[in-house]
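> Numbering (mature numbering (1 follows the signal peptide of the UniProt record, and there is no 0)), first residue to last: -16 to -1, 1 to 63.
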Amino acid sequence: MNFFLKILFLVENCTAWLYLNDCCEHQHLRKAVSHLFRELLAMQLATWNTRDQIAFKVRGLEKATNELISLFYQHTVAI
């Protein structure tokens, strides 16, 4: 459950950062946040899937989460 809370925390705070820092200039970051949130919603709908399908979706969430963290880290360090 902590993993899902981490994703929600990232989506909320990254969205706030984008709002405060002129989202129009950071479309690639906005897309990454949106992608992660859509992946989380898809995971919630997949509760009836098999164990292997859920494991596959969790790996996708982990990958999207790490990519989002990396993108924001690269962008904020560059500023």
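Built from N, CA and C at the ideal position, the CB exists for glycine as well.
If you draw a straight line from the alpha carbon of Gln58 to that of Gln37, how long is it in whole angstroms?
Approximately 32 Å, taken between the alpha carbons.
> Would Glu23 and Leu45 be called neighbours here (beta carbons separated by less than 7 Å)?
For Glu23 and Leu45, yes; Cβs fall inside 7 Å.
> Would you mind stating whether Lys41 and Met27 have Cβ atoms separated by less than 7 Å?
Yes; because the gap between Cβ atoms is below 7 Å, this pair is in contact.
> Rounded to the nearest angstrom, how far is the Cβ of Leu52 from that of Leu(-9), given a contact under 8 Å?
About 12 Å separates the two Cβ atoms, so there is no contact after all.
> Which first and last residues belong to the alpha helix (DSSP H) in which Thr(-2) is found?
Counting along the chain, the alpha helix (DSSP H) containing Thr(-2) begins and ends at Asn(-15) to Leu4.
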